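Chains as they are written, first to last, in the numbering used here: chain P, 643 to 968; chain V, 11 to 455.
The beta carbon of each residue, even a glycine, is placed where N, CA and C say it ideally should be.
It should be emphasised that the depicted structure is a prediction, and the values quoted were computed from it without experimental measurement.
Everything on this sheet refers to the single structure shown next.
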Amino acid sequence: MIQPRKHLLGLEGMQAQEIYQILDTSRSFHEILERQVKKVPTLRGRSMINAFFEPSTRTRVSFELAQKRLSADTINITTSGSSMSKGETLRDMVANLEAMRVDMIVIRHGTSGVPHMLAEHTRASVVNAGDGTHEHPTQGLLDLYTMRERLGDLAGRRVTILGDIAHSRVARSNIWGLRALGARVTVCGPRTMMPKRVEDLGVHVEYDLRRAVRDADVINVLRIQLERQGTNTFPGVREYARMFGITNEVLNTTKPECFVMHPGPMNRGVEISPEVADGPRAVILQQVTNGVAVRMAVCYLLIGAAGEEETRTVHELPRAVPAATA
Amino acid sequence: MHIEFESLPREYVLAGGMLVDPEAKAPAPGEIHVRDGVIVEVGAAVGVSASVPRVDAGGVHIAPGFIDVHVHFREPGQEYKEDIESGCRAAVAGGFTGVVMMPNTDPPFDRASVVEAVLRRGREVGLCDVFAAGALTLGRAGEKLAEYFDLRTAGAVTLTDDGSPVSDTALMRRALEHAAMVGLVVTAHSEDKSLSRGGHMHEGYWSTHLGIPGIPAASEELGIARDLVLARETGAPIHVQHVSTRGGVDLIRLAKRDWGLDVTAETAPHYLELTDRELVGYSANYKMNPPLRSEPDRLAVLEAFADGTIDLLATDHAPHAEMEKDVEFDSAPFGVIGLETAFGVAHTQCVVGGRMTLTDLVRRMTLLPAQRFALPGGRLAAGTLANFALLDPSARWQVRTSTMQSRARNSPFVGRALRGRVAATIHRGHLVHRLATEAAVAAIG
Chain P
643 MIQPRKHLLG LEGMQAQEIY QILDTSRSFH EILERQVKKV PTLRGRSMIN AFFEPSTRTR
703 VSFELAQKRL SADTINITTS GSSMSKGETL RDMVANLEAM RVDMIVIRHG TSGVPHMLAE
763 HTRASVVNAG DGTHEHPTQG LLDLYTMRER LGDLAGRRVT ILGDIAHSRV ARSNIWGLRA
823 LGARVTVCGP RTMMPKRVED LGVHVEYDLR RAVRDADVIN VLRIQLERQG TNTFPGVREY
883 ARMFGITNEV LNTTKPECFV MHPGPMNRGV EISPEVADGP RAVILQQVTN GVAVRMAVCY
943 LLIGAAGEEE TRTVHELPRA VPAATA
Chain V
11 MHIEFESLPR EYVLAGGMLV DPEAKAPAPG EIHVRDGVIV EVGAAVGVSA SVPRVDAGGV
71 HIAPGFIDVH VHFREPGQEY KEDIESGCRA AVAGGFTGVV MMPNTDPPFD RASVVEAVLR
131 RGREVGLCDV FAAGALTLGR AGEKLAEYFD LRTAGAVTLT DDGSPVSDTA LMRRALEHAA
191 MVGLVVTAHS EDKSLSRGGH MHEGYWSTHL GIPGIPAASE ELGIARDLVL ARETGAPIHV
251 QHVSTRGGVD LIRLAKRDWG LDVTAETAPH YLELTDRELV GYSANYKMNP PLRSEPDRLA
311 VLEAFADGTI DLLATDHAPH AEMEKDVEFD SAPFGVIGLE TAFGVAHTQC VVGGRMTLTD
371 LVRRMTLLPA QRFALPGGRL AAGTLANFAL LDPSARWQVR TSTMQSRARN SPFVGRALRG
431 RVAATIHRGH LVHRLATEAA VAAIG
């Protein structure tokens with residue numbers, strides 16, 4: 643039995659058993675998504691706030707859909723920049739949300755650690771929907787889910803994460819999750835985008851794309867935002883595409899069953915060529931579908947599995963989720 | 011150990027203590043005859059008439075009052091963080107009877123009138139000796155030299171742009187030359203800002219783990235290298251602030267041993283005790299500049315402090331209001347307070363840790379800063395100021411915000427158990443701090 647957790651702040655430190663629990667739960671919710679009526683009453687009466695301090699479309703929509711399909715009441719707050727710009731501290735904002743008695747706060751913020759700070763000051767469950775360059779745990783989980791769907795057991799599988807590792811929260815969550823499940827992780831990207839001592843996270847570092855993908859079972863391609871960095875991290879998109887872009891030509895050098903993932907939004911023609919993005923080896927839209935199922939599972943496990951149904955173990959869930967009555 | 015007396019007369023003999031004389035080899039029992047704020051005589055038994063009252067120090071160690079050459083008291087301009095009075099209260103609570111205020115106030119100490127005003131305010135408060143560091147450049151903007159002769163005349167004891175190092179190397183060269191001629195040591199915050207800009211913690215394993223933008227050790231090392239090369243070029247004396255890296259230590263060792271420069275260096279208690287690992291949890295009370303470094307850096311700094319490569323201990327006491335620190339990590343200002351915990355931290359790490367003697371630690375906090383910046387005090391000798399830190403080296407205590415005297419609470423040591431505490435502080439003969447009985451009782455162990 644896994645100790646129920648209150649917050650999902652990151653995949654760091656999460657044991658394989660718990661990851662499997664979330665992924666298994668996701669699978670049963672995935673089933674609901676394939677039904678004609680995609681809504682269950684599981685979280686009826688629970689209120690959730692999605693506070694997005696950074697622009698996001700797919701993650702926000704994915705969370706909102708997941709919550710609505712669980713019948714939770716959801717509110718979205720979208721602000722760019724820090725709450726400080728309005729003269730209100732994050733603490734004040736949390737206190738206000740707290741006072742409104744919400745059950746869950748899903749937060750995305752441009753500064754690493756903000757969800758952790760929030761979790762310290764609220765009784766609500768906090769879900770990190772991406773913090774700075776730290777973690778994006780639900781993305782990590784949906785990536786794991788997608789890989790597991792295709793590969794089964796991930797132990798010993800080779801996953802190559804490609805791109806700006808230094809500035810990627812997706813990379814970090816992937817690394818923690820994949821390592822916990824026993825996968826062999828290679829990170830590949832330009833020297834200037836490789837964080838210091840990244841190998842101490844238990845990954846192999848490779849600067850040569852062909853070598854990085856040769857034995858890979860999966861290539862997880864990260865979005866490159868040369869303009870956002872504002873510094874001379876790389877000569878430009880052309881140089882990047884030529885050295886690190888995933889094209890059919892590159893895929894011809896990999897194992898034939900190797901598939902390509904991308905957390906989106908994609909820069910077609912930069913980190914991934916259009917023919918790969920739309921080709922048979924990409925599972926990018928499956929990731930998006932899976933994201934909803936995984937976020938349903940996360941919301942359910944954090945606040946739905948407790949309370950009156952406390953005694954029910956999560957493994958019983960697939961049968962326990964009541965079919966929606968129209 | 012507890013100090014019984016609540017005030018002190020004009021003339022007295024401080025007896026019943028162990029004297030920690032920074033010019034002696036080891037602590038020894040002794041007495042100090044004080045009159046009108048000045049030491050009249052120090053000895054095993056001083057010869058005074060029976061009419062002079064004897065004050066029982068209750069077995070504590072008596073050291074010269076500590077001198078901190080690096081504090082931020084935020085006055086004028088940001089008194090909500092700290093002011094000269096609250097800063098002085100924090101200082102004496104930590105055994106300090108002399109502090110050098112950094113010039114990054116608003117307005118900064120870039121002209122005589124501001125320096126005169128803060129020194130006057132320090133005398134009015136009267137708790138400890140307040141000194142001021144003048145700015146190197148006008149407005150600390152790094153563009154035009156301030157008037158060093160004027161600043162010195164007003165009382166400035168050193169010159170620095172502190173946290174805004176002069177990035178123009180040619181200007182820094184002129185600053186060193188002019189300061190040397192005027193007779194002031196330049197105090198350098200050595201940092202290559204182009205490398206550290208945008209960073210919020212040490213760049214290393216933990217910045218990668220936590221996803222916090224890093225400040226590479228190279229930014230400090232390059233800054234120190236540049237400033238030392240300029241000191242060699244100009245022959246000017248230089249004091250390097252808050253050394254935090256192994257590379258910085260190596261460079262200072264090189265400059266002292268091989269280049270024979272007139273260079274001194276300081277480090278702060280937090281670099282002796284803490285590492286970048288503390289940032290797990292994202293508390294901005296561990297955020298300062300230079301940042302907490304890796305464990306190998308910490309050990310190198312400790313070793314360099316023990317062997318004298320790093321001469322002084324200075325706190326870089328940098329108060330910030332709670333609301334300023336309690337924000338998103340990247341938005342929080344750099345800086346932590348340190349006056350009230352400095353002795354406890356350094357004593358625990360250096361003396362209890364077996365790296366240096368109590369006398370040597372006291373020397374680094376008294377005699378050496380006094381000599382380097384030609385400040386009064388720092389000695390237990392006839393004719394010098396009757397400034398004392400009364401120490402209880404064996405006291406075990408836990409750092410708590412409730413007993414802090416600073417207006418700020420941004421200490422990285424809250425909750426830590428320390429060995430060695432300041433029992434009382436005497437400034438110019440007067441008792442200016444005494445550990446509350448309650449606190450003494452609450453002290454753990």
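How about residue i and residue j: do their beta carbons lie closer than 9 Å?
i: Leu-428 (chain V); j: His-71 (chain V); result: no
i: Arg-417 (chain V); j: Val-48 (chain V); result: no
i: Val-140 (chain V); j: Arg-150 (chain V); result: no
i: Ser-704 (chain P); j: Val-682 (chain P); result: no
i: Leu-650 (chain P); j: Val-769 (chain P); result: yes
i: Ala-331 (chain V); j: Tyr-90 (chain V); result: yes
i: Leu-377 (chain V); j: Pro-32 (chain V); result: yes
i: Trp-216 (chain V); j: Arg-287 (chain V); result: yes
i: Met-375 (chain V); j: Ala-103 (chain V); result: no
i: His-758 (chain P); j: Arg-811 (chain P); result: no
Within 9 Å of any Cβ in chain V, is that where the Cβ of residue i sits?
i: Glu-848 (chain P); result: no
i: Gly-635 (chain P); result: For chain P, the structure presents residues 643 to 968; residue 635 (chain P) sits outside this window and is missing.
i: Met-759 (chain P); result: yes
i: Glu-777 (chain P); result: yes
i: Ser-724 (chain P); result: Residue placement at Ser-724 (chain P) is flagged as unreliable, the pLDDT there being 49, under the threshold of 50; the coordinate-derived value follows with that caveat. For Ser-724 (chain P), the answer is yes, since a Cβ of chain V falls inside 9 Å of its Cβ.
i: Pro-837 (chain P); result: yes
i: Glu-654 (chain P); result: yes
i: Thr-731 (chain P); result: yes
i: Leu-843 (chain P); result: yes
i: Gly-805 (chain P); result: no
i: Ala-808 (chain P); result: yes
i: Asp-857 (chain P); result: no
Whose C-beta lies closer than 8 Å to the C-beta of residue i among residues of the same chain, with five residues either side of it excluded?
i: Leu-181 (chain V); result: Thr-147, Gly-152, Glu-153, Leu-155
i: Cys-900 (chain P); result: Val-855, Ala-858, Asp-859, Val-860, Ile-861, Leu-893, Arg-923
i: Arg-852 (chain P); result: Val-892, Thr-895
i: Pro-86 (chain V); result: Thr-115, Asp-116, Pro-117, Val-124, Ala-127, Val-128
i: Pro-39 (chain V); result: Gly-27, Met-28, Leu-29, Ala-54
i: Arg-700 (chain P); result: Gly-906, Pro-907, Val-930, Gly-933
i: His-188 (chain V); result: Leu-155, Tyr-158
Within 9 Å (strictly less), CB to CB, does residue i reach chain P?
i: Asp-340 (chain V); result: yes
i: Val-58 (chain V); result: no
i: Val-355 (chain V); result: no
i: Met-333 (chain V); result: yes
i: Pro-301 (chain V); result: no
i: Val-372 (chain V); result: no
i: Asp-336 (chain V); result: yes
i: Pro-226 (chain V); result: yes
Ordered along the chain, which non-local residues of its own chain (more than five positions away) have a Cβ less than 6 Å from that of residue i?
i: Gly-782 (chain P); result: Leu-653, Ser-815, Asn-816, Gly-819
i: Gly-97 (chain V); result: Phe-83
i: Glu-951 (chain P); result: The pLDDT assigned to Glu-951 (chain P) is 45, lower than 50, so where the model puts this residue is not dependable; a value taken from the coordinates is nonetheless given after this. Hits under 6 Å: none found.
i: Lys-710 (chain P); result: none
i: Val-4 (chain V); result: Since the displayed chain V opens at 11 and closes at 455, residue 4 (chain V) lies outside it and no answer follows.
i: Met-112 (chain V); result: His-82, Ala-143, Asp-172
i: Ala-190 (chain V); result: Ala-246
i: Ala-6 (chain V); result: This structure cannot settle anything about residue 6 (chain V), because the visible part of chain V is limited to 11 through 455.
Smallest Cα separation from residue i: which of the options?
i: Glu-706 (chain P); options: P:Tyr-787, P:Glu-696, P:Ile-717; result: P:Ile-717
i: Leu-24 (chain V); options: V:Arg-374, V:Val-58, V:Lys-35; result: V:Val-58
i: Lys-266 (chain V); options: V:Tyr-281, V:Pro-279, V:Glu-283, V:Gly-245; result: V:Gly-245
i: Glu-696 (chain P); options: P:Lys-680, P:Asp-666, P:Arg-686, P:Ile-749; result: P:Ile-749
i: Ala-342 (chain V); options: V:Leu-349, V:Ala-166, V:Glu-334; result: V:Glu-334
i: Gln-929 (chain P); options: P:Leu-786, P:Ala-766, P:Arg-677; result: P:Leu-786
Counting only the same chain and skipping the five closest in sequence on each side, list residues whose C-beta sits under 7 Å from that of residue i.
i: Glu-231 (chain V); result: Thr-255, Gly-257, Gly-258, Leu-261
i: Arg-733 (chain P); result: His-763
Nearer than 8 Å: is that true of the beta carbon of residue i relative to any heavy atom of the ligand COA?
i: Arg-826 (chain P); result: In the structure on display, the ligand COA does not appear, and there are no ligands present to speak of.
Using a Cβ-Cβ cut-off of less than 8 Å, list which residues of the region 212-224 of chain V approach chain P; keep chain order.
Of all residues in the region 212-224 of chain V, Glu-213, Gly-214, Tyr-215, Ser-217, Thr-218, His-219, Leu-220, Gly-221, Ile-222, Pro-223, Gly-224 have a Cβ within less than 8 Å of some Cβ in chain P.
Select from the region 279-294 of chain V all residues with a C-beta closer than 8 Å to any C-beta belonging to chain P, and list them in chain order.
Hits within the stretch, in order: Gly-291, Tyr-292.
Closer than 7 Å, Cβ to Cβ, to anything on chain V: give me those residues from the region 810-832 of chain P, in chain order.
Those residues of the region 810-832 of chain P that come within reach of chain V (Cβ to Cβ, closer than 7 Å) are Arg-811, Arg-814.
If the cut-off is 9 Å on Cβ atoms, which residues from the region 742-754 of chain P count as contacting chain V, listed in chain order?
Taking 9 Å as the Cβ-Cβ cut-off against chain V, the residues of the region 742-754 of chain P that qualify are His-751, Gly-752, Thr-753, Ser-754.
What are the residues of the region 782-802 of chain P that lie near chain V, defined by any Cβ-Cβ distance shorter than 8 Å?
Interface annotation for the region 782-802 of chain P against chain V: empty, criterion Cβ-Cβ distance under 8 Å.
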